[in-house]
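**Student:**
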Amino acid sequence: MQRSGRWLFSFSRSKRNQDSTSCDGHSQGSKFSRASTYARSEAGSTNLPTQNTHRSLTKYFSSSFISCFIPRTKKTRQGTNQKLQTIQTDDVSSTAGSKISTTSSNSRSVFKYSGSKTVSRDGTHPEEAQLSIAEISRATDNFSQENVIGQGGFGTVYKGKLIDGSVIAVKRAGKKLQNKAISAEFRSEIGTLSSIEHQNLVRLLGYLEDNEEKIVVIEYVGNGTLREHLDGTRGNDLELAQRLDIAIDVAHAITYLHIYTDHPIIHRDIKASNILLTENLRAKVADFGFARLAAEDPDATHISTQIKGTAGYLDPEYIRTYQLTEKSDIYSFGVLLVELVTGRRPIEQGRDLNKDRLTTRWAMQKFQQGEVVIAMDPRLRRSPASIRAVDEVMALAYACLASPRNSRPSMKRCAEVLWGIRRDFHTVQLTTAASQRAAG
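Just so it is clear: in the sequence shown, position 362 is 362 by UniProt numbering, and no numbers are missing.
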């Protein structure tokens, strides 16, 4: 193993059969995949994947997460003086073909924590790879400002490139932020990312923690954030169909967190700048620094001692009561839907004082007045199909922003409604195009 003091970063390599299994561990026929039969079925009758696969995985996750924060034990693994414990994951990173994320091992993939014996689910011992802090520093050109690609609740995010050419994203807490609050946030991020696996969630590749360094290494998603695309600083203008795809991707990711993890997870910082886009404009939800586990009782709430989140996206009932539930994520998702169809930020700081600076309030007023066309992003093409789709998205956003929050839909229901909106939008487009060809 490579060491630098007590710093040790470790993740292992293995290859998966990507043709037969989707990124969330289910077959490509899963009805919770964009390419699935879901799009051709009635939204209300959709059956999402079962929890069986994920429940078995989380038994590994929980023990691994605990073991990575306790002192290392004595040797048990042959040929080493250190125990290692692994948890099984599927490789869904953008570096799936690289040396850092894959090698041959009976189509198995593991992520290693310091703590106990290295054994994958099938009993094999895959090839391992470790990175020291020196290698991470070299990959980011000594954490050069030129490699900064973002800022998050946890710290600064850098783009890194390993010797073998693999590209990674490195999240590093600043030394001035090495305190108990950041340590708690670091553990929250690790605990959450290590226990989830979904194609629309950013994948954890490894981590490193020491008194002077807290680093998370995640898959690199290179096409910027949704906010950058809506601002026009990245790529071309997003078409309505692409925006609907992104909304569905995010709904899938949050549905997975709320329902298909062993314990429901509340993201509580859903926003456009936390939605990363791939080159194919697939959305991946990132920044789990504020994530919290929800209570087992669906009627229970989590009482928080500190409000976490971003202004403009925060559930007013969460602010008022300090009670956090999955419905708080639903509110934030409603704000995101308004962003997608208006192109505006939730709070427009530069707007005239005589005009409403709260985009959601302004947009909902236009929706209630039957004037969604005024609220539409000027860059979106106006057509009967697009206006109808935007009106339906606004109706869903209105439901997500409802008070009391118990009247808000579940995220699963949001995904179903969005599937229906997209299906109808495409149907109307095809019908209109056929009519125009016939008339021409």
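We treat Cβ as the ideally placed atom computed from N, Cα and C, and that holds for glycine.
Spell out the partners DSSP gives V217 in its beta bridges.
**Tutor:** Its beta-bridge partners are V170, G206.
**Student:** I believe C400 touches L340 by the beta-carbon criterion, under 8 Å. Please report the beta-carbon distance rounded to the nearest angstrom.
**Tutor:** Contact flag wrong, Cβ pair sits at about 12 Å.
**Student:** Contact check, V221 vs G206 under 8 Å by CB: the rounded distance?
**Tutor:** The pair is not a contact, with the Cβ atoms about 16 Å apart (cut-off 8 Å).
**Student:** Any idea if I421 is buried or exposed, counting beta-carbon neighbours within 10 angstroms, 16 or more meaning buried?
**Tutor:** The residue is buried, with at least 16 neighbouring Cβ atoms inside 10 Å.
**Student:** For the alpha helix (DSSP H) that contains L336, what are its first and last residues?
**Tutor:** Looking at the DSSP string, the run of the alpha helix (DSSP H) that includes L336 is 326-342.
**Student:** The beta strand (DSSP E) with G420 in it runs from where to where?
**Tutor:** Where G420 is concerned, there is no enclosing beta strand (DSSP E), although the alpha helix (DSSP H) it sits in stretches over 411-439.
**Student:** Out of V417, R382, R408, which one is the CA nearest neighbour of E239?
**Tutor:** E239 has its Cα closest to that of R382, out of V417, R382, R408.
**Student:** Is G150 helix, strand or coil when you go by DSSP?
**Tutor:** If DSSP states are grouped into helix, strand and coil, G150 belongs with the strands.
**Student:** Count the other C-beta atoms from every protein chain shown that fall within 10 angstroms of the C-beta of H263, then say buried if there are 16 or more, exposed otherwise.
**Tutor:** H263 is exposed by the Cβ-count criterion.
**Student:** With the cut-off set at 8 Å, would you say G224 and D269 are in Cβ contact?
**Tutor:** Contact flag unset, no.
**Student:** Expressed to the nearest angstrom, what Euclidean distance is found between the alpha-carbon atoms of Q151 and V157?
**Tutor:** Distance between the alpha carbons of Q151 and V157 is about 6 Å.
**Student:** Measuring straight from C-alpha to C-alpha, what distance separates A363 and L380?
**Tutor:** About 16 Å.
**Student:** When DSSP labels each residue in this structure, what does T225 get in the three-state scheme?
**Tutor:** Of the three classes helix, strand and coil, the one that applies to T225 here is strand, per DSSP.
**Student:** Is the stretch 417-433 close to the stretch 239-259, with three or more CB pairs under 8 Å?
**Tutor:** Yes: at least three Cβ pairs fall under 8 Å.
**Student:** Flag this pair as yes or no: are the beta carbons of R172 and I215 separated by less than 8 Å?
**Tutor:** Cβ atoms of R172 and I215: closer than 8 Å.
**Student:** If I measure Cβ to Cβ from S137 and keep anything under 8 Å in the same chain, skipping five residues before and after, which residues do I get?
**Tutor:** For S137, where only same-chain residues beyond five positions count, the Cβ hits under 8 Å are F143.
**Student:** Tell me the DSSP bridge mates of G160?
**Tutor:** The partner list for G160 (beta bridge, DSSP) reads I168.
**Student:** Under the DSSP definition of a beta bridge, which residues are partnered with K284?
**Tutor:** Paired residue(s): L276.
**Student:** Please work out which residues of its chain come closer than 6 Å, Cβ to Cβ, to A385, disregarding the five sequence neighbours upstream and downstream, and give them in chain order.
**Tutor:** F425, V428, Q429.
**Student:** Can you look up Q369 in the DSSP assignment and give me helix, strand or coil?
**Tutor:** Residue state, collapsed to three classes: coil.
**Student:** Can you name, in chain order, every residue of its own chain whose Cβ lies under 7 Å from the Cβ of Q436, other than the five neighbours on each side?
**Tutor:** There are no such residues.
**Student:** Run through DSSP, which three-state label would L238 get?
**Tutor:** Coil, per DSSP.
**Student:** Indicate, with yes or no, if the ligand SAM has a heavy atom lying under 7 Å from the CB of E339.
**Tutor:** The model on display carries no ligand, and the ligand SAM is accordingly not part of it.
**Student:** Three Cβ pairs or more, each shorter than 8 Å: is that satisfied between the stretch 396-415 and the stretch 273-282?
**Tutor:** Because the criterion of three Cβ pairs below 8 Å is not met, the stretch 396-415 and the stretch 273-282 do not touch.
**Student:** Work out the CA separation of T261 and T192 for me, nearest whole Å.
**Tutor:** When rounded, the distance between both Cα atoms is 10 Å.
**Student:** Near G440, which residues of its chain fall below 8 Å by C-beta distance, leaving aside the five closest residues on each side in sequence?
**Tutor:** None.
**Student:** What does a CB cutoff of less than 8 Å around A395 pick up in its chain, not counting 5 residues either side in sequence?
**Tutor:** Result list for A395: F367, in chain order.
**Student:** Check for me: the alpha helix (DSSP H) holding Y318 runs from which residue to which?
**Tutor:** Looking at the DSSP string, the run of the alpha helix (DSSP H) that includes Y318 is 316-321.
**Student:** Do M376 and T342 have their C-beta atoms within less than 8 Å of each other?
**Tutor:** Cβ distance < 8 Å, so M376 and T342 count as in contact.
**Student:** Look up I259 in the DSSP assignment and say whether it is helix, strand or coil.
**Tutor:** Looking at I259 - three-state DSSP - the assignment turns out to be helix.
**Student:** Leaving out the 5 sequence neighbours to the left and right, which residues in its chain are closer than 6 Å to R234 when beta-carbon positions are compared?
**Tutor:** G224, E228.
**Student:** Can you tell which of E317, G312, V335 has the C-alpha that lies nearest to the C-alpha of residue 441?
**Tutor:** Residue 441 lies beyond the range of the chain shown here (1 to 440); nothing can be said about it.
**Student:** Which one or two residues does DSSP pair with L230 in a beta bridge?
**Tutor:** Paired residues: none, contrary to the question.
**Student:** Between the Cα of Q365 and the Cα atoms of P378, A397, E219, which residue gives the shortest distance?
**Tutor:** Considering only alpha carbons, the answer is A397.
**Student:** Below 6 Å CB to CB, which residues in the same chain sit around R405 once its five sequence neighbours on both sides are set aside?
**Tutor:** Once the five neighbours on either side are set aside, the close Cβ partners of R405 are E317, K327.
**Student:** For V202 versus A286, is the C-beta distance shorter than 8 Å?
**Tutor:** Yes, they are a contact pair.
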